[in-house]
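Reminder that position 38 of the sequence shown reads as 38 in the UniProt record's numbering, one-by-one numbering, no gaps. All residues carry an ideal CB built from backbone N, CA and C; glycine is no exception. Working notes, beginning with the structure itself.
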Amino acid sequence: MKRRQFLKTSLGTAGLLGFPTIIPATALGKGGKSAPSERVRIGMIACGNRGRVAYEYAQMPDVEVVALADANLAKISQLKKHRTLSGKTFQETDDFRTMLQDDIDAVHISTADHWHVPSMLLAARAGKHVYVEKPLGVSIEQCLACNEVVKEHPELQVQYGTQNRSTAYVRPIMELVLNGHIGEVKQVYVWAPRGKAGGVHVPKPVPAGFNLDMWYGPAPVKPFSDDRCLKKTGIYYIYDYAIGFIAGWGAHPMDQLQWWLDETGMDIPEKVKASGVIPTTGLHDTVTEWDAELSYSNGMQIRFSDDKAIQKYLPKLDGFRPQSHGTLFVGSEGWVCCSRNRFQASSRELLDKRKDPGEKCLVHSKGGHARNFIDAIQGRNQTVTNLSSAIRSDIACHLVDLAIRNGGQVEWDGKKQTVVGNETAIAGMHRSMRKPWNVLDPKYAPGK
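What follows is the structure, given as C-alpha cells:
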C-alpha cells in the first residue's frame with residue numbers, strides 16, 4: 001500500500017469510527033519528528049507574502065515542505081533563503097500542476113486572487129488537501145463552483161485563509177455572543193481598510209524566470225509592467241485579478257460575522273444596498289470606498305463599510321476604540337468587538353466570562369491556522385474555517401461589489417443561488433476565463 005493511500009485509508013477509517021487518528025509513538029522518528037513515511041507532505045503554490053507560511057510548516061515535526069511553485073522563480077529563490085528552508089532540497093517549478101502528483105498530500109495556495117479557485121479545484125481533483133488564502137473567487141460563479149469540492153471530495157480537508165479565527169481575539173468573543181452574554185443581538189457593524197487608487201502602466205520586458213502566461217492564467221493577457229505583475233497593489237486593486245479590499249481585507253471581519261451567522265441559521269444576505277467609489281484613472285479599478293447595508297432573512301440589517309465610512313454609524317460606547325478593521329456586536333445587555341489583535345467589551349466582567357462562556361463552543365484552533373490545517377488532515381480536529389462558510393462570506397462581499405457597479409442594489413435568491421431582478425448584476429456573477437484555464441467548464445481537460 002502506498003504511503004499516501006495509507007494516510008487516506010487510515011484517516012478515513014478513523015473518521016467513520018468517530019475518533020481522531022493519533023500518530024503512535026512507534027511511528028515517530030528521532031527527536032520527536034514523525035517518520036518520513038508519515039509526515040504530511042505539502043507543496044506551496046506561490047511563494048510571495050503569504051507563501052511565508054512555509055516557514056511555519058517547516059518547523060512542524062510531522063510536516064515536510066517538498067515542493068515550491070511560483071510563476072516568478074525569483075520568489076522561490078527568496079523564500080528558500082529563510083533559516084527554516086535554507087539548505088533543503090525541493091521540487092521547484094513555475095507551473096504548479098507538476099506538483100499535483102501522488103506523493104504530495106496537501107497544497108497551500110497563496111497566489112493572486114484570480115488563481116485561488118482554479119488552483120484549488122485542480123488540487124482537489126487530484127486528491128490534495130487544500131489551504132487556500134482569502135478571498136475565495138473573483139466572481140460569484142467561481143465561489144459557487146467551490147461547492148464541487150464540498151460535495152464531490154468530502155474526504156479532503158480545506159482550510160480558508162481567514163486566520164483571525166485562530167487567534168485568541170476572535171473565537172472567545174464569538175462564544176460570548178452565542179452564549180447570550182450580551183443579550184439579544186440588536187446591531188452588528190463590520191468594517192475594513194479602504195483600498196487605494198493609482199498604479200502606472202509602464203510596459204517593460206518580462207524578467208528572466210518570470211512565466212507571464214502562467215502568471216495570468218485564467219485572466220486576460222496584458223503587457224507586463226511592475227505595477228501590474230510585481231507589486232502587491234496590482235493584484236489587490238486591479239479588477240482583472242481581484243475585487244479590491246471589499247473582499248481582499250473585508251474577508252477577515254466578514255468571516256468573523258459569518259462565524260456567528262452560521263451558528264444562528266442565517267445565510268447569505270437577501271438584499272444589499274451599497275454605494276462606493278471606483279477610480280477612473282490609473283491601473284487600479286476596483287472599489288476603494290464602500291458603504292453597504294446587508295439585509296438578512298430574519299429582518300436583521302448589518303452595516304459593512306470601509307473604515308472611514310463606518311464612522312458615521314458606529315454607536316458611541318463607553319471605552320470603545322475602533323481600529324482599522326473589526327466586527328462589533330451590540331446587544332440588549334452589552335457589546336463586544338473583535339479584530340485581528342484586540343478584543344473589547346462593555347465591561348471587564350464580560351471579558352472575564354470568555355474563559356468559561358457556556359455550552360456553545362466553536363472549533364478551537366490550537367497552534368495557529370496552519371497547524372489547525374495539519375491537525376485536520378491527521379484527524380485530530382476540524383478546520384476552523386470550512387469551505388462552506390467561506391463560500392457564504394465571500395458571496396456577501398461580491399454582492400456589495402455588484403451593487404456598487406449595478407445601480408446601488410442587488411437581491412439574492414438563496415434557493416436558486418443567484419442574483420435576481422438586475423440583469424447587469426446577474427451578468428456580473430460571471431467572469432470569462434482564458435483557455436486553457438476555464439476549470440469551471442464541464443469539458444475542461446488539463447493542458448488542452
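| said: Cutting at 7 Å between CB atoms, please list the residues of its own chain near A425, excluding the five before and the five after it. | reply: On the sequence shown, position 425 is the one that residue 425 refers to. If the five residues before and after A425 are omitted, its C-beta is found closer than 7 Å to the C-beta atoms of L402, N406, V410, V419, all from its own chain and listed in chain order.
| task | Determine, using beta carbons only, whether D306 and R171 come nearer to each other than 8 Å. | result | Position 306 of the sequence shown, counted from the first residue, corresponds to residue 306. Position 171 of the sequence shown, counted from the first residue, corresponds to residue 171. Not in contact: D306 and R171 (Cβ atoms no closer than 8 Å).
| message | For Q258, report the span of its alpha helix (DSSP H) as first-last. | response | Position 258 of the sequence shown, counted from the first residue, corresponds to residue 258. Looking at the DSSP string, the run of the alpha helix (DSSP H) that includes Q258 is 251-264.
| message | Helix, strand or coil, according to DSSP, for I22 in the structure here? | response | Counting from 1 along the sequence shown, the entry for residue 22 is found at position 22. Summary for I22: the model assigns pLDDT 33, below 50, so the residue's position carries little reliability, and this model does not support an answer.
| query | Since Y160 and K134 are thought to touch, with beta carbons under 8 Å apart, how far apart are those beta carbons, to the nearest angstrom? | reply | The sequence position of residue 160 within the sequence shown is 160, counting from 1. The sequence position of residue 134 within the sequence shown is 134, counting from 1. Rounded to the nearest angstrom, the Cβ distance from Y160 to K134 is 6 Å, consistent with a contact under 8 Å.
| message | Taking contact to mean 3 or more Cβ pairs, one atom from each stretch, closer than 8 Å, check whether the segment 187-203 and the segment 222-238 are in contact. | response | Enough Cβ pairs lie closer than 8 Å, so yes.
| Range covered by the alpha helix (DSSP H) that runs through C229 | Position 229 of the sequence shown, counted from the start, is the residue given in the question as residue 229. 226-229 is the span of the alpha helix (DSSP H), which, as asked, contains C229.
| query | Relative to the alpha-carbon of R52, which residue among A69, N147, P436 has its alpha-carbon at the smallest distance? | reply | As a working note, residue 52 is residue 52 in the sequence shown. The candidate whose alpha carbon is nearest that of R52 is A69.
| field | Neighbour-count burial assignment, S346, 16 or more Cβ in a 10 Å radius | value | Here the question's residue 346 lines up with position 346 in the sequence shown. Within a 10 Å sphere around the beta-carbon of S346 sit 16 or more other beta-carbons, which makes this residue buried.
| query | Who are the Cβ neighbours of E141 in its own chain at under 6 Å, not counting the five residues just before and after it? | reply | Here residue 141 refers to the residue found at position 141 of the sequence shown. Within the same chain, E141 has close Cβ partners M429, H430.
| Going along the chain, which residues of its own chain have a beta-carbon closer than 8 Å to the beta-carbon of G282, five neighbours each way excluded? | Taking the sequence shown and counting its residues from 1, one reaches residue 282 at position 282. Excluding sequence neighbours, G282 sits near A197, G198, G199, V200.
| query | What separation, rounded to the nearest whole angstrom, lies between the Cα atoms of H114 and V177? | reply | Taking the first residue of the sequence shown as 1, we reach residue 114 at position 114. Taking the first residue of the sequence shown as 1, we reach residue 177 at position 177. The alpha-carbon atoms of H114 and V177 are separated by roughly 35 Å.
| said: Taking 7 Å as the limit between beta carbons, can you name the residues of its chain near P253, skipping five residues before and five after? | reply: For the purposes of this step, residue 253 is taken as the residue at position 253 of the sequence shown. Excluding residues up to 5 positions away in sequence, V190, W191, A192, H325, G326, T327 lie with their Cβ nearer than 7 Å to the Cβ of P253 in the same chain.
| field | Close beta carbons around Q323, own chain, < 7 Å, minus the five adjacent residues each side | value | Residue numbering aside, residue 323 sits at position 323 when the sequence shown is read from its first letter. Excluding sequence neighbours, Q323 sits near S339, R342.
| said: Let me make sure I understand the geometry here. Which of K186, A309, G331, V336 has the alpha-carbon closest to that of R321? | reply: On the sequence shown, position 321 is the one that residue 321 refers to. Ranked by Cα distance from R321, the first of K186, A309, G331, V336 is V336.
| For the segment 45-81, which segments carrying the beta strand (DSSP E) assignment without a break, of at least 3 residues, lie completely within its bounds, in sequence order? | Entirely contained in the segment 45-81, the beta strand (DSSP E) runs reaching 3 residues are, in chain order, 63-69.
| task | Helix, strand or coil for C397, going by three-state DSSP, please let me know. | result | Taking the sequence shown and counting its residues from 1, one reaches residue 397 at position 397. The answer is helix: DSSP assigns C397 an H, G or I state.
| message | Quick check: the segment 253-273 against the segment 137-156, are at least 3 beta-carbon pairs closer than 8 Å? | response | Cβ pair count under 8 Å is below three, so no.
| Hey, would you say V117 sits closer than 8 Å to G87, going by beta carbons? | Against the sequence shown, residue 117 aligns to sequence position 117. Against the sequence shown, residue 87 aligns to sequence position 87. Result no, Cβ atoms of V117 and G87 do not sit closer than 8 Å.
| said: Quick check: the Cα distance between I45 and F210, rounded to an integer number of angstroms? | reply: Locating residue 45 in the sequence shown gives position 45, where the first residue counts as 1. Locating residue 210 in the sequence shown gives position 210, where the first residue counts as 1. Approximately 15 Å, taken between the alpha carbons.
| query | Going by the beta-carbon positions, is the gap between L122 and V439 smaller than 8 Å? | reply | If you number the sequence shown from 1, residue 122 lands on position 122. If you number the sequence shown from 1, residue 439 lands on position 439. Yes, the pair counts as a contact, with Cβ atoms nearer than the cut-off.
| query | If we count the other Cβ atoms within 10 Å of its Cβ and call it buried at 16 or more, is T98 buried or exposed? | reply | The residue you call residue 98 lines up with position 98 of the sequence shown. By the neighbour-count definition (other C-beta atoms within 10 Å, threshold 16), T98 is an exposed residue.
| As assigned by DSSP and simplified to three states, the class of W115 | In the sequence shown, counting from the first residue as 1, residue 115 sits at position 115. DSSP, reduced to helix, strand and coil, places W115 within a helical segment of the structure shown.
| query | So what does DSSP say about D285, is it helix, strand or coil? | reply | Taking the sequence shown and counting its residues from 1, one reaches residue 285 at position 285. In the three-state reduction of the DSSP assignment, D285 falls in the coil class.
| field | CB contact flag (E175, G368, <8 Å) | value | Position 175 of the sequence shown, counted from the start, is the residue given in the question as residue 175. Position 368 of the sequence shown, counted from the start, is the residue given in the question as residue 368. Note that the C-beta distance between E175 and G368 is not below 8 Å.
| task | Taking the CB atoms as reference points, tell me whether R165 and W260 lie closer together than 8 Å. | result | As a working note, residue 165 is residue 165 in the sequence shown. As a working note, residue 260 is residue 260 in the sequence shown. No, the Cβ-Cβ distance between R165 and W260 is not below 8 Å.
| field | Length of the line joining the Cα atoms of G217 and K360 | value | Translated into the one-based positions of the sequence shown, residue 217 becomes position 217. Translated into the one-based positions of the sequence shown, residue 360 becomes position 360. Taking the straight line joining both Cα atoms gives about 44 Å.
| request: Under 8 Å by Cβ, that's how I've got H82 and A106 pegged, so tell me the actual separation to the nearest angstrom. | output: Residue 82 sits at position 82 when you count from the first residue of the sequence shown. Residue 106 sits at position 106 when you count from the first residue of the sequence shown. Wrong, their Cβ atoms sit about 20 Å apart, outside the cutoff.
| said: Quick check on this structure: which residue in E64, G421, A54, Q59 has the alpha carbon closest to the alpha carbon of K80? | reply: Reading the sequence shown from its first residue, position 80 is the one you call residue 80. Relative to the Cα of K80, the nearest Cα in the group E64, G421, A54, Q59 belongs to A54.
| query | Going by beta carbon distance, what residues of the same chain come within less than 7 Å of A25, once the five residues before and after it are set aside? | reply | Taking the sequence shown and counting its residues from 1, one reaches residue 25 at position 25. In this prediction, A25 has a pLDDT of 36, which is less than 50 and means its spatial position is unreliable; what the coordinates show is noted afterwards. Nothing meets the Cβ criterion.
| query | Quick one: complete alpha helix (DSSP H) runs, 4+ long, within the segment 373-438? | reply | Listed in chain order, the alpha helix (DSSP H) elements of length 4 or more contained wholly in the segment 373-438 are 387-405, 423-428.
| message | Going by C-alpha to C-alpha distance, which of G48, F96, V66 sits closest to A74? | response | Against the sequence shown, residue 74 aligns to sequence position 74. Among G48, F96, V66, the Cα nearest to that of A74 belongs to G48.
| said: Going by DSSP, what residue range makes up the beta strand (DSSP E) through V188? | reply: Your numbering for residue 188 matches position 188 in the sequence shown. Run containing V188: 185-192, per the beta strand (DSSP E) assignment.
| field | For A112 and G234, the rounded distance between their alpha carbons | value | By 1-based counting over the sequence shown, the position of residue 234 is 234. By 1-based counting over the sequence shown, the position of residue 112 is 112. Going by C-alpha positions, G234 is about 9 Å away from A112.
| field | Residue from E423, Y241, D375 with nearest C-alpha to R434 | value | Locating residue 434 in the sequence shown gives position 434, counting from the first residue. Ranking E423, Y241, D375 by Cα distance to R434 puts Y241 first.
| Exposure of G319, with buried meaning 16 or more beta-carbon neighbours within 10 Å | Here residue 319 refers to the residue found at position 319 when the sequence shown is read from its first residue. Result: exposed.
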